[in-house]
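What follows is one structure encoded as structure tokens, with my remarks underneath.
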Amino acid sequence: DAGITQSPRHKVTETGTPVTLRCHQTENHRYMYWYRQDPGHGLRLIHYSYGVKDTDKGEVSDGYSVSRSKTEDFLLTLESATSSQTSVYFCAISEWGGQTNTEAFFGQGTRLTVV
Amino acid sequence: GENVEQHPSTLSVQEGDSAVIKCTYSDSASNYFPWYKQELGKRPQLIIDIRSNVGEKKDQRIAVTLNKTAKHFSLHITETQPEDSAVYFCAASVNAGKSTFGDGTTLTVKP
Chain L
1 DAGITQSPRH KVTETGTPVT LRCHQTENHR YMYWYRQDPG HGLRLIHYSY
51 GVKDTDKGEV SDGYSVSRSK TEDFLLTLES ATSSQTSVYF CAISEWGGQT
101 NTEAFFGQGT RLTVV
Chain B
1 GENVEQHPST LSVQEGDSAV IKCTYSDSAS NYFPWYKQEL GKRPQLIIDI
51 RSNVGEKKDQ RIAVTLNKTA KHFSLHITET QPEDSAVYFC AASVNAGKST
101 FGDGTTLTVK P
């Protein structure tokens, strides 16, 4: 399996509190992504990064921010958690362009519950 | 942006039968079409993928076909086994990770 870990794996938080999820990779892949998975909606892209300090929005970015200060770490922050952000969050990594193209490798997921 | 539709949402087959899942996409710029299998409580894992310069790809009991003109692609699983039971997702993308996913198909293989 690709070297990708998410932390925490489970979290319960209260409405209005800030939450940060961490994704760490050891593959030195350029691209990193945050998805959320909800029943009936498959996986939806929140934000992605194509390099250190280079990030862009996905289709469901409202209420989320990201940061990537190092190649290996990609942080997802919910500034003020809401119940609608209760979900399973997956980080993914890939390499694309150049001489190496890989599929997306997913982390184990973080189950976030906002009460 | 890209829109991916996946059908059916649930599929039940007898062990040994074939299963077919179909997806359509909207963005003609998409050139990479992966299929992921997700078991309950686990992460999605790639089972097969196809790029737009190829019409069909096989890997043992699994095959994927792509029709670029019609903008649809399909997953075929032959000789299904109970361990094939899972949720399957198709996706379309211009690069591997920035994918738009279908809503998933829950496949149940009855022994």
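Protein sequences appear in the order of chains L and B. Numbering of the first sequence is given in the working numbering, commencing with residue 1 and proceeding in unit increments. Numbering of the second sequence is given in the working numbering, commencing with residue 1 and proceeding in unit increments. Ideal Cβ positions, reconstructed from N, Cα and C, are used throughout, including at glycine.
Asked                                                                                                                           : Found
Any 3 or more C-beta pairs closer than 8 angstroms across the region 24–34 of chain L and the region 46–59 of chain L           : yes
Residues from the region 57–87 of chain L in contact with chain B, defined by Cβ distance under 7 angstroms                     : Glu59
Unbroken beta strand (DSSP E) run spanning Thr13 of chain L, endpoints                                                          : His10 to Thr13
Classification of His29 of chain L by the beta-carbon crowding that lies within 10 angstroms, buried from 16 upward             : buried
Alpha-carbon to alpha-carbon, Pro111 of chain B and Thr80 of chain B                                                            : 10 angstroms
Assumed close pair Thr5 of chain L, His24 of chain L - CB separation to whole angstroms, cut-off 8 angstroms                    : 5 angstroms
Under 7 angstroms from the C-beta of Glu103 of chain L: neighbouring residues of chain B                                        : Pro34, Leu46, Asp49 and Ala96
Member of B:Ser26, B:Ala63, B:Asn53 and B:Leu11 whose CA lies at the smallest distance from the CA of Ala70 of chain B          : B:Ser26
Near-chain B residues of the region 24–55 of chain L - C-beta to any C-beta below 9 angstroms                                   : His29, Tyr31, Met32, Tyr33, Tyr35, Gln37, Gly40, His41, Gly42, Leu43, Arg44, Leu45, Tyr48 and Tyr50
Beta-ladder partner(s) of Ile62 of chain B, from DSSP                                                                           : B:Asp59 and B:Ile77
Inter-stretch contact (C-beta, 8 angstroms, three-pair minimum) for the region 23–40 of chain B and the region 48–58 of chain B : yes
Selection from L:Val12, L:Thr13 and L:Gln37 that minimises the alpha carbon distance to Gly104 of chain B                       : L:Gln37
Glu5 of chain B (DSSP reduced to helix, strand or coil)                                                                         : strand
For Leu112 of chain L, the first and last residue of its enclosing beta strand (DSSP E)                                         : Thr110 to Val114
Of the residues B:Asp17, B:Lys22, B:Asp84 and B:Glu39, the one placed nearest Asn67 of chain B, counting alpha carbons only     : B:Lys22
Cβ-based neighbour list, Glu39 of chain B, same chain, cut-off 6 angstroms, excluding 5 preceding and 5 following               : Ala86
Helix, strand or coil at Ser49 of chain L [DSSP, three-state]                                                                   : strand
Cβ separation of Thr110 of chain L and Lys11 of chain L, assumed to be a contact under 8 angstroms, to the nearest whole Å      : 7 angstroms
Pairwise C-alpha distance: Ser65 of chain L and Lys57 of chain L                                                                : 9 angstroms
Beta-bridge pairing of Gln85 of chain L - partner residues as DSSP gives them                                                   : Answer by DSSP bridge pairing: none, since Gln85 of chain L is not bridged.
Through-space distance from Glu56 of chain B to Pro39 of chain L, alpha-carbon basis                                            : 30 angstroms
Partners in chain B for Gly109 of chain L, counting only beta-carbon separations shorter than 7 angstroms                       : Arg43
Thr108 of chain B versus B:Gly16, B:Asn3 and B:Gly1, residue with shortest Cα-Cα distance                                       : B:Gly16
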